[in-house]
Ligand SMILES: Cc1cc2nc3c(=O)[nH]c(=O)nc-3n(C[C@H](O)[C@H](O)[C@H](O)COP(=O)(O)OP(=O)(O)OC[C@H]3O[C@@H](n4cnc5c(N)ncnc54)[C@H](O)[C@@H]3O)c2cc1C
Ligand SMILES: Cc1ncc(C[n+]2csc(CCOP(=O)(O)OP(=O)(O)O)c2C)c(N)n1
Ligand code: SF4
Ligand code: SF4
Ligand code: SF4
Ligand SMILES: [Mg+2]
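Protein chains in written order, with the working numbering: chain A, -10 to 592; chain L, 279 to 629.
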């Protein structure tokens, strides 16, 4: 293999598994260390810089960081990254004085955002400090998008939503509630410098089966029904409820049903458990509330008696699954009737743009999805941008935020007459954490404690009202333990090949056998020859240049490094050093600064 | 050194041996030696070898004298027996222990100071008796523990860190062992585990005294430019005469060996050592030939390494002394001591 180029920020960024997996690249280890030091406000601000809504995301983030977390490979359970984010948000002090100053004078540019979900709010958050006049049009009577209308208050309380949204609105952002945009053509006819579409994926999928029309009074589309529950238009549901589908929406539907008075809720899944779309923790939370999840039942028809829904018929399924866990064959082995008073359909969402006229230069593909560039988020019509669920279909909040950041960069460049593709690169800064021969300015001890569990409100208490938040948040003791489980993956092992005398000290001390000195070779071959099996090809191999005594190379399998620093402590020549990596992901404000610098230079 | 013990966390893919133990189960306490010390690598090689042989840790006794090297038994096989004796006196303790319990495996760790200066007499006698043990000399050319004075293995012309030159001829442990009748004589290097680990395995399985002289740079006092025991110098003058493979009993010899250049030697327990000669005129079963060859090479400043001499048919201390087959520790007190009533009969035999 060629010697690894560690000056390319991507190499060390990948090592910070959580940050690499986070769509918005939240600097997780940094905020966890700040929490450990009791600097909750600092920890909140590290979060806010990248994910804008730490209080919201600390409760309901989809947390792609956790399955990626290194701790989950070294042991069973990852660090409770999301829970710690909530700790930062719960315990933060006054932070408004740390927000960017909003200029008194606008830069003269006006941006229209459609929909007040997380995507549009992020665009506003990034552009208002640069002097943009941002107006958000929202069809409903409150801002927040699906975070307000679909994520139930027992998971995400309204006041948390309000406070984080208000911070953005207080930047001088104009919010027009109850203002649905019916015509894109009309909007484009107005005097806007750029338009951002953050209208989400608002159409819940229907299930056309016999009886659907006749029983429609008791069949509900999940996302619409949740919205009606949130706005208290729906206050009750039947005794027996079937939820069709087993994604995250289904989990919110079944738990909401329990709170509206139903006593027998079944979630009906077509396939076995391994194929569920819902996150493990959402399934656990629902099952804790005694929701029954029924597998291998494929909906067949709605059954009516005297014109009223009485239940559904299902095909009972059997599946053949191969070694890779893929379904190779399926067959029907029977039929089963399950009684129900109400059925909620939670089988997916689509984006829909009936209000965008064709012929405006905004092109759609054959599924009526707009063509959006994945880097710039620009539509085929310059000056029109998409982000969040409206861009590539339903995702989650943290993706909506990242889309918002990137769209804001593009909008800024577009409004300043610059090329939207000419974006600043990601940069990296490395600095040694060495304090003495065996002292480091980070806590490098491996703490073997297990993941802390989130305490919940009692099982009877929580059903008293619809909006009792179930999760109580970590206690101080839980926080103290959980922060120590983080392995500080951003404290990188940096190697200088000219210094190595091949004494093997680092190799012998490494607790997880990451290091090997051996003859160089192609990657596949090298992976076979390392001290411990290196079969996780998602994780990089570091390969040094030829070492000076024997021309062999130092190879490090990044997979299970616990960043304990023992290699650097044992190295007699400081060929290994522990260095903190810090990455800068350019936002609109960085582009703005770079633009000013360019202008100054050319002036 | 590092000031924290190695965390217990391990690679989940770590292999298990026949006893269900992983390599980590053969580790010991935290090393207090200097970072980069060759002795720590030898410790790692012992751990690896014992793991691969699936040695039962409680059937091993570790013995040592005094020195940085002699501290290392604390850093491996923490579930074994151990005796850290007086400077240069490890062979006496090992002899006594072996006399009492011949069934344990003995691993002696010594230094060039411990074995070639104060302990030279004991070292020679242990070989003369063919005491059944593995005896490692972690050879760094200096007294590491007492801050780097020249030891008896320092080469003529080698310079100390502060500049003084050694004028006295060295005692070479390998030549000494050949002269004293050693039955398993090897040399290796702490920086070459591929060679060292099979040698340790073979040495542990050899019936009789197995000496491995391991060149082991002292990073703090003897790794400078004018040292002849530094990492750099050792690598430049290092000359593997034989490559040694250790093959366990009932295991097939997998590698394809060139018939002329390879030889297989069966050990008493059915395991085999396969030697591949780098130098065709070298004969590791001819004591005189080996002695002359090694000496020639030393004159040219070349360290010949590998299993340099082996004699598997010789008798060990117990066989030579015609002792009981059952270890003394297993013999009950009544049997061991026939009592005062039997004494007159015994005395009568000497009248
Ligand atoms: C039941 C459910 C539970 C979920 N749970 C989670 C979770 O726990 N964690 C998570 O990360 N994600 C979750 N999601 C997904 C997440 O809520 C969305 O991905 C995210 O809110 C998308 O943000 P957005 O800004 O793109 O749009 P949205 O949040 O959908 O906001 C769009 C807004 O635009 C408005 N709008 C639409 N059209 C117009 C128009 N023409 N004129 C004016 N206004 C308009 C809508 O009223 C809405 O307020 C969940 C989704 C559902 C359905
Ligand atoms: C009877 C006695 N004499 C002298 C000493 C001092 N002493 C301690 S260690 C040592 C030399 C150790 O050298 P070596 O065996 O080469 O070990 P190293 O530290 O180099 O590994 C000496 C002379 C002692 N401890 N006991
Ligand atoms: S251990 Fe810490 S830094 Fe590493 S991936 Fe997990 S949370 Fe991130
Ligand atoms: S920091 Fe060094 S010693 Fe620790 S796990 Fe990583 S490579 Fe191994
Ligand atoms: S401890 Fe340092 S000098 Fe020794 S092998 Fe490792 S990197 Fe090289
Ligand atoms: Mg010594």
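Glycine included, C-beta positions come from ideal geometry on N, C-alpha and C.
Neighbouring residues, chain A, relative to residue i (Cβ below 8 Å)
i, result
"residue 509 of chain L", "490, 491, 492 and 538"
"residue 291 of chain L", "521, 522 and 524"
"residue 303 of chain L", "Within 8 Å Cβ-Cβ: nothing; residue 303 of chain L doesn't reach chain A, min ~13 Å."
"residue 469 of chain L", "491, 492 and 493"
"residue 312 of chain L", "561"
Within 8 Å, strictly: CB atoms of residue i and residue j
i, j, result
"residue 45 of chain A", "residue 457 of chain A", "no"
"residue 323 of chain L", "residue 471 of chain L", "yes"
"residue 507 of chain L", "residue 493 of chain L", "yes"
"residue 72 of chain A", "residue 471 of chain A", "yes"
"residue 518 of chain L", "residue 556 of chain L", "yes"
"residue 593 of chain A", "residue 401 of chain A", "The shown model of chain A, from -10 to 592, leaves out residue 593 of chain A, and the question about it has no answer."
"residue 329 of chain A", "residue 351 of chain A", "no"
"residue 339 of chain L", "residue 356 of chain L", "no"
"residue 606 of chain A", "residue 253 of chain A", "As shown, chain A starts at -10 and ends at 592. That puts residue 606 of chain A outside it, with no answer to give."
"residue 463 of chain L", "residue 587 of chain L", "yes"
"residue 545 of chain A", "residue 555 of chain A", "no"
"residue 47 of chain A", "residue 74 of chain A", "yes"
"residue 427 of chain A", "residue 476 of chain A", "no"
"residue 388 of chain L", "residue 374 of chain L", "no"
"residue 125 of chain A", "residue 117 of chain A", "no"
"residue 483 of chain L", "residue 545 of chain L", "yes"
"residue 346 of chain L", "residue 365 of chain L", "no"
"residue 549 of chain A", "residue 289 of chain L", "yes"
"residue 35 of chain A", "residue 463 of chain A", "no"
Chain L contact residues for residue i, given Cβ-Cβ distances below 7 Å
i, result
"residue 63 of chain A", "287"
"residue 501 of chain A", "287, 288 and 289"
Per DSSP, the bridge partner or partners of residue i
i, result
"residue 320 of chain A", "A:307"
"residue 384 of chain L", "L:339"
"residue 429 of chain A", "A:423"
"residue 359 of chain L", "L:339"
"residue 338 of chain A", "A:193"
"residue 517 of chain L", "L:582"
"residue 388 of chain A", "In DSSP, residue 388 of chain A forms no bridge with anything."
"residue 572 of chain A", "A:417"
"residue 611 of chain A", "Here chain A has residues from -10 to 592 only, and residue 611 of chain A is not among them."
"residue 507 of chain A", "A:542"
"residue 620 of chain L", "According to DSSP, residue 620 of chain L bridges with nothing at all."
"residue 102 of chain A", "A:125 and A:185"
"residue 209 of chain A", "A:333"
Interface residues of chain L facing residue i [CB-CB closer than 8 Å]
i, result
"residue 486 of chain A", "The contacting residues do not exist; residue 486 of chain A stays about 15 Å from chain L at best."
"residue 209 of chain A", "Ordered by position in chain L, no residue passes the 8 Å Cβ test against residue 209 of chain A, which lies about 46 Å from the chain."
Where residue i meets chain A, residues with beta-carbon distance less than 7 Å
i, result
"residue 513 of chain L", "538 and 539"
"residue 328 of chain L", "Result: empty, since nearest Cβ-Cβ is about 14 Å, beyond 7 Å."
"residue 346 of chain L", "In chain order: nothing, as chain A lies at least about 14 Å away."
Interface partners of residue i on chain A, CB under 9 Å
i, result
"residue 525 of chain L", "Near residue 525 of chain L there are no residues of chain A at all, since even the closest Cβ is about 21 Å away, more than 9 Å."
"residue 318 of chain L", "492, 493, 494, 497, 498 and 559"
"residue 352 of chain L", "Near residue 352 of chain L there are no residues of chain A at all, since even the closest Cβ is about 15 Å away, more than 9 Å."
"residue 378 of chain L", "Going along chain A, no residue has its Cβ under 9 Å from residue 378 of chain L, so there is no contact; the nearest lies around 34 Å."
"residue 557 of chain L", "Per Cβ cutoff of 9 Å: no residues; residue 557 of chain L is ~21 Å from chain A at best."
"residue 570 of chain L", "The premise fails here: residue 570 of chain L is roughly 30 Å from chain A at the closest Cβ pair, so nothing lies under 9 Å."
According to a CB-to-CB cut-off of less than 8 Å, which residues of the region 545 to 564 of chain A neighbour chain L? So the list reads 549, 551, 553, 555, 558, 559, 560, 561 and 562, given in the order they occur along the chain.
Members of the region 386 to 403 of chain A near chain L, C-beta cut-off 7 Å: Within the region 386 to 403 of chain A, no residue has a Cβ that lies closer than 7 Å to any Cβ of chain L.
Got a sec: which bits of the region 432 to 443 of chain A sit with their beta carbon under 7 Å from any beta carbon on chain L, in order along the chain? Taking 7 Å as the Cβ-Cβ cut-off against chain L, the residues of the region 432 to 443 of chain A that qualify are 434, 435 and 437.
Listed from N- to C-terminal order along the chain, which residues in the region 596 to 627 of chain L have their beta-carbon within a distance smaller than 9 Å of any beta-carbon of chain A? Residues passing the 9 Å Cβ filter: none.
Could you run through the region 472 to 498 of chain L and flag, in chain order, every residue whose CB is less than 9 Å away from some CB of chain A? Answer in chain order: 495, 497 and 498.
Give every residue whose Cβ lies closer than 6 Å to any heavy atom of ligand 2, listed in chain order. Checking every Cβ against the heavy atoms of ligand 2 under 6 Å gives L:344, L:345, L:346, L:347, L:365, L:389, L:390, L:391, L:392, L:396, L:416, L:418, L:420, L:421, L:422, L:423, L:424 and L:429.
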